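Using the numbering used here, you'd call the opening residue of the sequence shown number 2 and step up by one each time. Even glycine gets a Cβ: it sits at the ideal position worked out from N, Cα and C. Quantities reported herein were computed from a predicted structural model and do not represent experimental measurements. To start, the structure under review is shown below, and the notes come after it.
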Amino acid sequence: MDTIQSAQQAVELVANQAILASQQGTFAVGGCIIDNATGKVLMAMHNNVLMPYPGSTVQPPFLPHDPTAHGERQLVDWYFANRERLHLPAPDKLTVVTTLDPCAMCAGSLLSAGFNVAVSAIDTYAGINYNSQFDFPTLPPTVRQKAQASWGYYAVAAPINRAYQGAASGPAFAGCGVDAAAFSLTGSIFEASVSSVRAASNNSGLPPEQLHNPATLPASSKVRQALTALSPWSLEVTCANPRMPGPELAPALVDTADQADTPNAVALLDPFGNLLACLGGMEHQSPIRTAFMETTRGYAELRWKLMNDNDPQVRAQAAQYLTHPKYGTFVFLRIPDPNTSEAVMTFGAYGSTMEGPVPQSFPSNLQYVLLPPGVTSQAVADLAQKLPPFYTTSVQVAPSQVLDARLISAVQAKR
Ligand SMILES: [Zn+2]
2 MDTIQSAQQA VELVANQAIL ASQQGTFAVG GCIIDNATGK VLMAMHNNVL
52 MPYPGSTVQP PFLPHDPTAH GERQLVDWYF ANRERLHLPA PDKLTVVTTL
102 DPCAMCAGSL LSAGFNVAVS AIDTYAGINY NSQFDFPTLP PTVRQKAQAS
152 WGYYAVAAPI NRAYQGAASG PAFAGCGVDA AAFSLTGSIF EASVSSVRAA
202 SNNSGLPPEQ LHNPATLPAS SKVRQALTAL SPWSLEVTCA NPRMPGPELA
252 PALVDTADQA DTPNAVALLD PFGNLLACLG GMEHQSPIRT AFMETTRGYA
302 ELRWKLMNDN DPQVRAQAAQ YLTHPKYGTF VFLRIPDPNT SEAVMTFGAY
352 GSTMEGPVPQ SFPSNLQYVL LPPGVTSQAV ADLAQKLPPF YTTSVQVAPS
402 QVLDARLISA VQAKR
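Right, here's the structure in full:
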């Protein structure tokens, strides 16, 4: 890996990653981790939300791979997977440099992990600094202070003439700038990719009225076997109304949380009310591998793999039986505390999973059983209302507590 000596070199390096992402047909965003002390590039990665399945001969390939596979989120998980083996410095001695202002999910990930951050282009729609004011209106107060102390937006030379905005120390090459060509490339290459990638992700499944019920699949079905391998509770629980889960969901949520690192679990129900996946967190591997991140990623990767199976019958079954999550319901055992970076990450990751308008329903398809101690449902809703415009106007993130009080009682009785 290279050693970087200037903001210009850092942005050129991550811009090259964005070009690779563009060629792959996914969001054209790239990032890297730099060691502040030496300028050494520890890792560089690009967005992989849309990705061909390795070894598949399927044409056309089914590309929706992992809605959470943004460059920055992957860099955070890479860091925690390799920190001990490579004796990596602490996150506050490192900088994640990115072509584009991080979205809510990535901002929450980076702040949870404690990296310094340096940014080239602004994203006025989904970026955490969407208003370019460096006041981060989305972030809870303590998290905002952390961002203001460790993030920076590089200056841009004429004819753009943007001043450096951010912490005086912390980010690598704090106070420095880049030329207009590098800056313009990082913004325009993303803008060219965003609409088509969002549409491909948001429109990648049959509407509920055309979907078949996976609970009818025989034990020999590869789709059923893949679901069971992901989550032993898969297709073992069915709620009569997927938007009104009842006490029948309590054992899956509680038992899954009991077996996880942290006492949380998230279930995904399909439009038939079937539990498709219910996973807990893996925070001992990475602080951002929370229950929601594991559930949405696990299900997306399962779908991506089956939809690219070289057996046409498996592909057809996957397409007929597996819903897009926007037609399903996510049910959290516990919603994250809205005063934390984890909550920002979680709502951001939900937005990335939807990747566009969600069919309107009451209650919404983002639900939780328990609130953190001392937190009101209004405080949770307020955080959702402060997210960048993409999440409030397009996705319309609207977390709500489950309506069936028997589910809440059943969970409390088991804790
Ligand atoms: Zn992101």
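Inset, instruction - Locate the alpha helix (DSSP H) running through residue 30, then write down its first and last residues. - result: What you label residue 30 is simply residue 29 of the sequence shown in a count that begins at 1. Per DSSP, residue 30 belongs to no alpha helix (DSSP H) and is neither H nor E.
Inset, instruction - Assign residue 157 to one of three DSSP states: helix, strand, or coil. - result: As a working note, residue 157 is residue 156 in the sequence shown. DSSP places residue 157 in the strand class (E or B) of the three-state scheme.
Inset, instruction - May I have the straight-line CA-CA distance separating residue 175 from residue 85, to the nearest angstrom? - result: On the sequence shown, position 174 is the one that residue 175 refers to. On the sequence shown, position 84 is the one that residue 85 refers to. Approximately 28 Å between the Cα atoms of the pair.
Legend entry - Proximity winner among 268, 13 and 195, relative to residue 240 (alpha-carbon distances): As a working note, residue 240 is residue 239 in the sequence shown. It is 268 whose Cα lies nearest to the Cα of residue 240.
Legend entry - Same chain only: Cβ atoms within 8 Å of residue 272, ignoring 5 sequence neighbours per side: Position 271 of the sequence shown, counted from the first residue, corresponds to residue 272. Closer than 8 Å at Cβ, skipping near neighbours: 209, 212, 243, 324, 328 and 329.
Inset, instruction - Just the C-alpha distance for residue 203 and residue 197, rounded to the nearest angstrom, thanks. - result: Along the sequence shown, one-based indexing puts residue 203 at 202. Along the sequence shown, one-based indexing puts residue 197 at 196. Spanning the two alpha carbons is a distance of roughly 10 Å.
Inset, instruction - Name the two residues that bound the continuous beta strand (DSSP E) containing residue 1. - result: Any property of residue 1 remains undetermined from this structure, which presents the chain solely from 2 to 416.
Inset, instruction - Taking only beta-carbon positions, decide if residue 176 is within less than 8 Å of chain C. - result: The displayed structure is made up of one protein chain only, and chain C is not part of it.
Legend entry - Reduced DSSP category for residue 329 - H, G, I as helix; E, B as strand; rest coil: If you number the sequence shown from 1, residue 329 lands on position 328. If DSSP states are grouped into helix, strand and coil, residue 329 belongs with coil.
Inset, instruction - Just mark residue 363 as buried or exposed, buried being the case when its beta carbon has 16 or more other beta carbons within 10 Å. - result: Position 362 of the sequence shown, counting from 1, holds the residue named residue 363. Per the 10 Å Cβ criterion, exposed.
Legend entry - Nearest-angstrom Cβ-Cβ length linking residue 339 and residue 381, presumed shorter than 8 Å: Counting from 1 along the sequence shown, the entry for residue 339 is found at position 338. Counting from 1 along the sequence shown, the entry for residue 381 is found at position 380. Separation of the CB atoms of residue 339 and residue 381 is rounded to 5 Å, and the pair is thereby assigned contact status at 8 Å.
Legend entry - Distance cut-off 7 Å: residue 71 Cβ against heavy atoms of ligand 1: As a working note, residue 71 is residue 70 in the sequence shown. Yes; taking the cut-off as 7 Å, the Cβ of residue 71 has a heavy atom of ligand 1 nearer than that.
Inset, instruction - State the DSSP-derived secondary structure class of residue 335, mapped to helix, strand or coil. - result: Your numbering for residue 335 matches position 334 in the sequence shown. Strand, per DSSP.
Inset, instruction - Compare the C-alpha of residue 98 against each of 106, 73 and 190 and name the closest. - result: Position 97 of the sequence shown, counting from 1, holds the residue named residue 98. Residue 73 is the option with its Cα nearest to residue 98.
Legend entry - Those residues which DSSP pairs with residue 369 across a bridge: Residue mapping note: residue 369 aligns to position 368 of the sequence shown, counting from 1. Note: residue 369 sits in a beta bridge opposite 333 and 402.
Inset, instruction - Note down the Cα distance separating residue 408 from residue 249, rounded to an integer number of angstroms. - result: Taking the sequence shown and counting its residues from 1, the one referred to as residue 408 is at position 407. Taking the sequence shown and counting its residues from 1, the one referred to as residue 249 is at position 248. About 7 Å.
Inset, instruction - Would you mind stating whether residue 117 and residue 96 have Cβ atoms separated by less than 8 Å? - result: Here residue 117 refers to the residue found at position 116 when the sequence shown is read from its first residue. Here residue 96 refers to the residue found at position 95 when the sequence shown is read from its first residue. Yes, the pair counts as a contact, with Cβ atoms nearer than the cut-off.
Legend entry - For residue 110, the first and last residue of its enclosing alpha helix (DSSP H): Counting from 1 along the sequence shown, the entry for residue 110 is found at position 109. Judged by DSSP secondary structure, residue 110 falls within the alpha helix (DSSP H) whose first and last residues are 105-114.
Inset, instruction - Drop a sphere of 10 angstroms on the beta-carbon of residue 260, count the other beta-carbons inside from all chains shown, and report buried for 16 or more, exposed for fewer. - result: Taking the first residue of the sequence shown as 1, we reach residue 260 at position 259. Result: exposed.
Inset, instruction - For residue 246, count neighbouring Cβ atoms within 10 angstroms of its own Cβ and tell me buried if that reaches 16, exposed if not. - result: As a working note, residue 246 is residue 245 in the sequence shown. Residue 246 is buried by the Cβ-count criterion.
Legend entry - Run of the beta strand (DSSP E) containing residue 203, from where it starts to where it stops: As a first step, residue 203 is located in the sequence shown; it is residue number 202 there, counting from the start. Unbroken run through residue 203 is the alpha helix (DSSP H), 181-203; no beta strand (DSSP E).
Inset, instruction - Compare the C-alpha of residue 223 against each of 316, 141 and 8 and name the closest. - result: Within the sequence shown, the letter at position 222 stands for residue 223. Checking every option, the nearest Cα to that of residue 223 belongs to 316.
Inset, instruction - Indicate, with yes or no, if ligand 1 has a heavy atom lying under 7 Å from the CB of residue 199. - result: Along the sequence shown, read from residue 1 onward, the residue named residue 199 stands at position 198. No; taking the cut-off as 7 Å, the Cβ of residue 199 has no heavy atom of ligand 1 nearer than that.
Inset, instruction - State yes or no: is the C-beta of residue 255 within less than 8 Å of the C-beta of residue 94? - result: For this step, residue 255 is matched to residue 254 along the sequence shown. For this step, residue 94 is matched to residue 93 along the sequence shown. Going by C-beta atoms, residue 255 is not nearer than 8 Å to residue 94.
Inset, instruction - Have a look at residue 288 and residue 82 and give me their C-alpha separation to the nearest angstrom. - result: As a working mapping, residue 288 is identified with position 287 in the sequence shown. As a working mapping, residue 82 is identified with position 81 in the sequence shown. Roughly 11 Å between the two C-alpha positions.
Inset, instruction - Select from 216, 128 and 48 the residue whose C-alpha is nearest the C-alpha of residue 1. - result: The chain is shown only over 2 to 416; residue 1 falls outside these bounds and no answer can be derived.
Legend entry - Rounded straight-line distance, which links the Cα of residue 279 to that of residue 234: Indexing the sequence shown from 1 puts residue 234 at position 233. Indexing the sequence shown from 1 puts residue 279 at position 278. Whole-angstrom Cα-Cα distance: 7 Å.
Inset, instruction - Give a single yes or no on whether residue 103 has its beta carbon closer than 7 Å to a heavy atom of ligand 1. - result: Here residue 103 refers to the residue found at position 102 of the sequence shown. Yes.
Inset, instruction - Report buried or exposed for residue 48, applying the criterion of at least 16 other Cβ atoms within 10 angstroms of its Cβ. - result: Counting from 1 along the sequence shown, the entry for residue 48 is found at position 47. Burial call: buried.
Legend entry - Assumed close pair residue 121, residue 100 - CB separation to whole angstroms, cut-off 8 Å: Locating residue 121 in the sequence shown gives position 120, where the first residue counts as 1. Locating residue 100 in the sequence shown gives position 99, where the first residue counts as 1. The Cβ separation is near 5 Å, so the contact holds.
Legend entry - Nearest-angstrom Cβ-Cβ length linking residue 110 and residue 308, presumed shorter than 8 Å: On the sequence shown, residue 110 is found 109 positions in, with the first residue counted as 1. On the sequence shown, residue 308 is found 307 positions in, with the first residue counted as 1. So it is not a contact: roughly 27 Å between Cβ atoms.
Legend entry - For residue 166, three-class secondary structure by DSSP: Locating residue 166 in the sequence shown gives position 165, where the first residue counts as 1. In the displayed model, residue 166 falls within a strand according to three-state DSSP.
Legend entry - Validate contact between the region 186-193 and the region 135-155 using beta carbons, cut 8 Å, 3 pairs: no
Inset, instruction - Quick one: give me the first and last residue of the alpha helix (DSSP H) that residue 301 is part of. - result: Position 300 of the sequence shown, counted from the first residue, corresponds to residue 301. Residues 292-308.
Inset, instruction - May I ask you to report which of helix, strand or coil DSSP gives residue 91? - result: Counting from 1 along the sequence shown, the entry for residue 91 is found at position 90. In the structure shown, residue 91 sits in coil (DSSP, three-state: anything other than H, G, I, E or B).
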